[in-house]
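Asker: Chains Z and U, in that order, are what the protein sequence lines are.
Following this note's numbering, the numbering of the first sequence begins with 65 at its first residue and continues without gaps.
Following this note's numbering, the numbering of the second sequence begins with 5 at its first residue and continues without gaps.
Dumping the structure here so I can ask a few things about it.
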Amino acid sequence: MTLLVATQVRHLFGGLCAVADFNLELQAGQLMGIIGPNGAGKTTIFNLITGVYQATEGSIRFNGTELVGLTPHQITALRIGRTFQNIRLFRDLSVLDNVRIAHYAQANYSPLEALLHIGRYRREEQRIIDNARRLLAIFKLEHLAGETAKNLPYGLQRRLEIARALAIDPELLLLDEPAAGMNPNEIDQLMEFIQWIRAEFKLTILLIEHQMKLVMGICERIKVLDFGETLAEGPPTAIQNDPKVLEAYLGEGPVG
Amino acid sequence: MNIALKYCWNELLEQAWLVPVLLLIGFGLAFAIPEYNWLNKYIQLVLMYIGINIILTVSLNLVNGYMGEFSLAHAGFMAVGAYTAALLTMKVLPVAAYPVLFPLAVLAGGMVAAVMGLIVAVPSFKIRGDYLAIITLAFLMIVKSVIENIDYIGGPRGIPGIKRLTTLPWVFFWTVATVWMIRNFVYSKYGRGVLSIREDEIASDLMSVNTKRVKFLAFMLSSFCAGVAGALFAHLLQFISPRVFDIIKTTDVLIMVYLGGIASIGGSILGATAYTALMELLRPSTMAALLDWLPEFVFNPLNQYIIQNLGVWRMVIMPLLLVLVMLYWPRGIMGQREFRGFIPRRDRVAHRRLNDPGEKP
Ligand SMILES: Nc1ncnc2c1ncn2[C@@H]1O[C@H](COP(=O)(O)OP(=O)(O)O)[C@@H](O)[C@H]1O
Ligand SMILES: [Mg+2]
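Here it is as structure tokens:
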């Protein structure tokens, strides 16, 4: 089943064409990587999918629903979770609240019930806090539940951001450079971790990454962007040997 | 403190009956004090002002503290509530025969103010920070000049002869009701939405928070409470005019918010109480009465040069206090922290400052 389809997506920032003629077909359960040099338009594609920017042209469909024109929270509520290249946690809030906030769309009670703490409020809040703690436990952050997010070390902040994205209960998870700032050892752990959450939460994953080791190691398909244009797409082995890619992006010879 | 004692104290704070019992005692006192004249009339009046200011402070804190905007419109919402309620009790509701109808007028004042809150919420979708502050200031000025230009409601002269319907029990009731609602709102998905908007609005939207809806609700609730406070205020002062609800009134509330500390209900209650009491102390009559016991040769010059001029000094002290608090004490009495008793049990583990009293860089 095709989960995400982007057709002829184009996005301009003023005169700058950040994304041109972008096409994508993502099958449910797939793990796809997007690579490309800085400024290639990778993050912009995530922002187009999640509604931060409106595509200038083209269509993006998720489970048959057109995403172009929807607001970010509507798109997120369709079960698309994401992380950010530069961590964007709610820094002054607690770890637990960071995860609870992402339950907003699932919390099924009205403003009146919230104002009086009646009706569905109690049951829903209990369910949310239980689920948030379950996620924190899975991510080994439970003992930090009451800690202010900004006090966490960098690596844990990255982990918390993924936990928060999973609180959306996503079908599709978008990871923007999850290995940024990690050493080779940590990257190995992250690769295992991504494959584990993918199986555990039955996720389809689209990830942007610079670390070739990670991309080549876990992605089933890879898309190469350069200056907003798609250079190549295919399985890792094909990408590694694609002359266009080698020439334009990888430059110094085969990668591994 | 003795460990056993501390344990007992903590146990006591955990009891489910504690809050209802305290409320019952409070209500009892609110009825008994005026009934049996336990405190003199002036102190009773101050108590009522404290209650009204608590409502104003907690509700402004929702927007300025929890949401992180800087609204200056609060006195405008207060004016809307005051005028609506005053007109109702004077022209529509037969409150003379049925004083029990008074809460209807207060409720109506709050609801009309809440509708006005929507008007300020709409620009907040697009505009934040300083620019939104200017828009709220414009709103305040528009409210004032609209009132000044409607002759039916007294224009710049205002409305005299409002019935004195605000009593200590009513103030107590409305204070408890509004603070309770705001506290409930804060500890719900909407309240967390408000906090996440303050932290990072785009990330908030991307975590499924309907930011527009949350802003609507927060502005409406905040202005509703301001309207309620205005209605109570009008029926206590018995006279309202556009001048009563100018920028000075907003500044008063701002000081109470920042003195008490942002994003804290307990802080707002303390801030409002402390500031109201301080301002009352700085009244010439109060100060003179308090220092009465001094020997005459000290009291007389003091009275002549300082005490009688306190009215002027208040206007100096007030803005100065705001500047000083914001510069040197940005956290106020309990910024970002909360009384344990105000936090629903379920939320306590998530409340950052309980486990993290020290500010780490
Ligand atoms: N909000 C924006 N306004 C203007 N230009 C932008 C904006 N965001 C990104 N760009 C530009 O679009 C191009 C693609 O950026 P981006 O998607 O962040 O690249 P990548 O993630 O691949 O490094 C860059 O040239 C960048 O400068
Ligand atoms: Mg990027």
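Beta carbons are placed, not taken as given, at the ideal position from N, Cα and C, and that holds for glycine.
(1) Is E203(U) close to chain Z, meaning its C-beta is less than 7 Å from at least one C-beta of that chain?
(2) Could you give the DSSP three-state label for R168(U): helix, strand or coil?
(3) Between P136(Z) and chain U, is any beta-carbon pair separated by less than 7 Å?
(4) With C-beta atoms as the reference, is H137(Z) less than 7 Å away from N214(U)?
(5) Would you say the beta carbon of T107(Z) comes nearer than 6 Å to a heavy atom of ligand 1?
(6) Classify D155(U) as buried or exposed, calling it buried when 16 or more other Cβ atoms lie within 10 Å of its own Cβ.
(7) I'd like to know whether the C-beta atoms of Y70(U) and A267(U) end up nearer to each other than 7 Å.
(8) Tell me whether Q312(U) sits in a helix, a strand or coil according to DSSP, three-state version.
(9) Would you tell me roughly how many angstroms separate the C-alpha atoms of G362(U) and R125(Z), rounded to the nearest one?
(10) Say yes only if the C-beta of Q275(Z) is nearer than 6 Å to one or more non-hydrogen atoms of ligand 2, and no if none qualify.
(11) Does the Cβ of I139(U) have 16 or more other Cβ atoms within 10 Å, making it buried, or fewer, making it exposed?
(12) Does any C-beta atom of chain U lie closer than 7 Å to the C-beta of A178(Z)?
(13) From L68(Z) to L131(Z), what distance separates their C-alpha atoms?
(14) Among P305(U), L76(U), A117(U), V62(U), which residue has its Cα nearest to the Cα of I186(U)?
(15) For chain Z, is any of its Cβ atoms less than 7 Å away from the one on R335(U)?
(16) Helix, strand or coil for N305(Z)? Go by DSSP, reduced to three states.
(17) Is Q149(Z) near ligand 2, judged by its Cβ being under 6 Å from some heavy atom?
(18) With the cut-off set at 7 Å, would you say V175(U) and M52(U) are in Cβ contact?
(19) Any C-beta of chain Z sitting closer than 7 Å to the C-beta of K364(U)?
(20) Tell me which residues of the region 109–121 of chain Z have at least one Cβ-Cβ distance to chain U shorter than 7 Å, keeping chain order.
(21) Taking P334(U) as the reference, which of P160(U), G271(U), L298(U) has the closest Cα?
(22) Is any heavy atom of ligand 1 found at a distance shorter than 6 Å from the C-beta of F77(Z)?
(23) Got a sec: which bits of the region 251–276 of chain Z sit with their beta carbon under 9 Å from any beta carbon on chain U, in order along the chain?
(24) Starting from the C-beta of L16(U), find all residues in its chain whose C-beta is less than 8 Å away, skip the five residues before and the five after it, and write them out in chain order.
(25) Please report whether the beta-carbon of F203(Z) lies at a distance below 7 Å from any beta-carbon of chain U.
(26) Would you say G4(U) lies against chain Z (beta-carbon separation less than 7 Å)?
(27) Entirely within the region 128–186 of chain Z and at least 3 residues each: give me those beta strand (DSSP E) ranges in chain order.
(28) Mapping the DSSP letters down to three states, classify E297(Z) as helix, strand or coil.
(29) Can you have a look at W178(U) and say buried or exposed, based on whether 16 or more other CB atoms are within 10 angstroms of its CB?
(30) Please state whether DSSP places Q19(U) in a helix, a strand or coil.
(31) At a Cβ threshold of 7 Å, is I193(Z) touching chain U?
(32) Smallest Cα separation from T120(Z): which of T129(Z), G128(Z), T108(Z)?
(33) Let me check one thing: in DSSP terms, what residues is Q91(Z) bridge-paired to?
(34) With DSSP run on the structure shown, which of helix, strand or coil describes I266(U)?
Answerer: Working from what's here:
(1) Position 199 of the second sequence, counted from the first residue, corresponds to residue 203(U). Yes, E203(U) lies at the interface with chain Z (some Cβ there is under 7 Å from its Cβ).
(2) Position 164 of the second sequence, counting from 1, holds the residue named residue 168(U). In this structure, R168(U) counts as coil in the three-state DSSP scheme.
(3) Your numbering for residue 136(Z) matches position 72 in the first sequence. Yes, P136(Z) lies at the interface with chain U (some Cβ there is under 7 Å from its Cβ).
(4) The count along the first sequence starts at 1 and reaches residue 137(Z) at position 73. The count along the second sequence starts at 1 and reaches residue 214(U) at position 210. The answer is yes: Cβ separation under 7 Å.
(5) Locating residue 107(Z) in the first sequence gives position 43, counting from the first residue. Correct: T107(Z) has its Cβ closer than 6 Å to ligand 1.
(6) By 1-based counting over the second sequence, the position of residue 155(U) is 151. Taking all protein chains in view, the Cβ of D155(U) is surrounded by fewer than 16 other Cβ atoms within 10 Å, so the residue is classified as exposed.
(7) On the second sequence, position 66 is the one that residue 70(U) refers to. On the second sequence, position 263 is the one that residue 267(U) refers to. The Cβ atoms of Y70(U) and A267(U) sit closer than 7 Å to each other.
(8) For the purposes of this step, residue 312(U) is taken as the residue at position 308 of the second sequence. In the structure shown, Q312(U) falls within a helical segment according to DSSP collapsed to helix, strand and coil.
(9) Along the second sequence, one-based indexing puts residue 362(U) at 358. Along the first sequence, one-based indexing puts residue 125(Z) at 61. The pLDDT assigned to G362(U) is 40, lower than 50, so where the model puts this residue is not dependable, and the model offers no usable value.
(10) As a working note, residue 275(Z) is residue 211 in the first sequence. Not under cutoff, so the answer is no.
(11) Position 135 of the second sequence, counting from 1, holds the residue named residue 139(U). That one is buried.
(12) To locate residue 178(Z), count along the first sequence from 1; it is residue 114. Yes, A178(Z) counts as interfacial toward chain U.
(13) To locate residue 68(Z), count along the first sequence from 1; it is residue 4. To locate residue 131(Z), count along the first sequence from 1; it is residue 67. CA-CA distance, L68(Z) to L131(Z), rounds to 10 Å.
(14) For the purposes of this step, residue 186(U) is taken as the residue at position 182 of the second sequence. Here the closest residue by C-alpha is V62(U).
(15) Taking the first residue of the second sequence as position 1, residue 335(U) is located at position 331. Among the residues facing chain Z, R335(U) is not included, as its CB has no counterpart in that chain under 7 Å away.
(16) As a working note, residue 305(Z) is residue 241 in the first sequence. Helix.
(17) Residue mapping note: residue 149(Z) aligns to position 85 of the first sequence, counting from 1. Yes, the beta carbon of Q149(Z) sits closer than 6 Å to at least one heavy atom of ligand 2.
(18) Stepping through the second sequence from its first residue, residue 175(U) is reached at position 171. Stepping through the second sequence from its first residue, residue 52(U) is reached at position 48. In contact: V175(U) and M52(U) (Cβ atoms closer than 7 Å).
(19) Against the second sequence, residue 364(U) aligns to sequence position 360. Confidence is the limiting factor: at K364(U) the pLDDT is only 37, short of 50, which leaves the residue's position unreliable, though a coordinate-based value still follows. Chain Z, which has a Cβ nearer than 7 Å to the Cβ of K364(U), makes this yes.
(20) T114, V116
(21) Locating residue 334(U) in the second sequence gives position 330, counting from the first residue. Checked all of P160(U), G271(U), L298(U); the closest Cα to P334(U) is G271(U).
(22) Numbered from its first residue, the first sequence carries residue 77(Z) at position 13. F77(Z) Cβ: within cutoff of ligand 1.
(23) none
(24) The residue you call residue 16(U) lines up with position 12 of the second sequence. For L16(U), where only same-chain residues beyond five positions count, the Cβ hits under 8 Å are L22.
(25) The residue you call residue 203(Z) lines up with position 139 of the first sequence. Judged by the 7 Å Cβ criterion, F203(Z) is not in contact with chain U.
(26) Residue 4(U) lies beyond the range of chain U shown here (5 to 365); nothing can be said about it.
(27) You should have 144–146.
(28) Your numbering for residue 297(Z) matches position 233 in the first sequence. In this structure, E297(Z) counts as strand in the three-state DSSP scheme.
(29) Taking the second sequence and counting its residues from 1, the one referred to as residue 178(U) is at position 174. Burial call: buried.
(30) Here residue 19(U) refers to the residue found at position 15 of the second sequence. If DSSP states are grouped into helix, strand and coil, Q19(U) belongs with coil.
(31) Residue mapping note: residue 193(Z) aligns to position 129 of the first sequence, counting from 1. Under the Cβ distance rule, I193(Z) counts among the residues neighbouring chain U, one pair being separated by less than 7 Å.
(32) The residue you call residue 120(Z) lines up with position 56 of the first sequence. Considering only alpha carbons, the answer is T108(Z).
(33) Locating residue 91(Z) in the first sequence gives position 27, where the first residue counts as 1. Note: Q91(Z) sits in a beta bridge opposite T66(Z).
(34) In the second sequence, residue 266(U) corresponds to position 262, counting from 1. Reduced to three states, the DSSP call for I266(U) is coil.
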